[in-house]
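Enquirer: When we follow the numbering used here, the leftmost residue of the sequence shown carries the number 12, and every step to the right adds one. From the three backbone atoms N, C-alpha and C, an ideal C-beta is built for every residue, glycine too.
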Amino acid sequence: MSERMLDLLIRQWPGKTHLSAEETAKVLMQHPYTVRERMRNGELPGAVKRDGTWKMPLPDLAEHLEPTPKAPQIPSPPVIVGGARRRKAVVMNFRRDRFWAQVARALGDFETADALDGRAQAEYDEQVRLFQMERAERRRAGLMAIAVQAHPLEPGDDEPSGL
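1) Could you check whether the Cβ of residue 54 sits closer than 8 Å to any heavy atom belonging to the ligand NAD?
2) Nearest CA to the CA of residue 28: which residue from 42, 47 and 59?
3) Please name the residue in 147, 30 and 112 whose C-alpha comes closest to that of residue 70.
4) Could you tell me the alpha carbon to alpha carbon distance between residue 141 and residue 135, rounded to whole angstroms?
5) With distances taken between CB atoms, is the gap from residue 125 to residue 108 smaller than 9 Å?
6) Does the beta-carbon distance from residue 25 to residue 36 come in below 9 Å?
7) Quick check on this structure: which residue in 116, 113 and 68 has the alpha carbon closest to the alpha carbon of residue 20?
8) Along the chain, where does the alpha helix (DSSP H) containing residue 37 start, and where does it finish?
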């Protein structure tokens, strides 16, 4: 939770540990009915109903106003099935390794950062090489199809005539 936001709320509401729905509405700049509805629906975590009135603890309200930053979740790479999907997976793996290399470098672990950077670059280079080979093969097949249409094979020929 944001210590700064909690401190501001404590200064604004001295001596209170919980705010009523009306007080919470003032902080959130919303109508009290809307705030009560959000408390009832669970949209304001931590809100509790005591003696028939809704109360919001100051730490939970501070967390709602300024959420604690969370580390980004690294998604697992997608299943490689070919074509564009494979390139997307490569980019994701490349970026994941680059990201963690930056984290390691920020923490002062330069050896791990260099290893991750090297692994990311090697993976990227290999995937670029494979993509270029596949593209060359597709282009070669396309050119051969054009050549066959222009000069059909005669019986006993291995290649189109004139090539």
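Expert: Let me lay it out:
1) This structure lacks the ligand NAD; in fact it carries no ligand of any kind.
2) 59
3) 30
4) 10 Å
5) no
6) no
7) 68
8) 32 to 39
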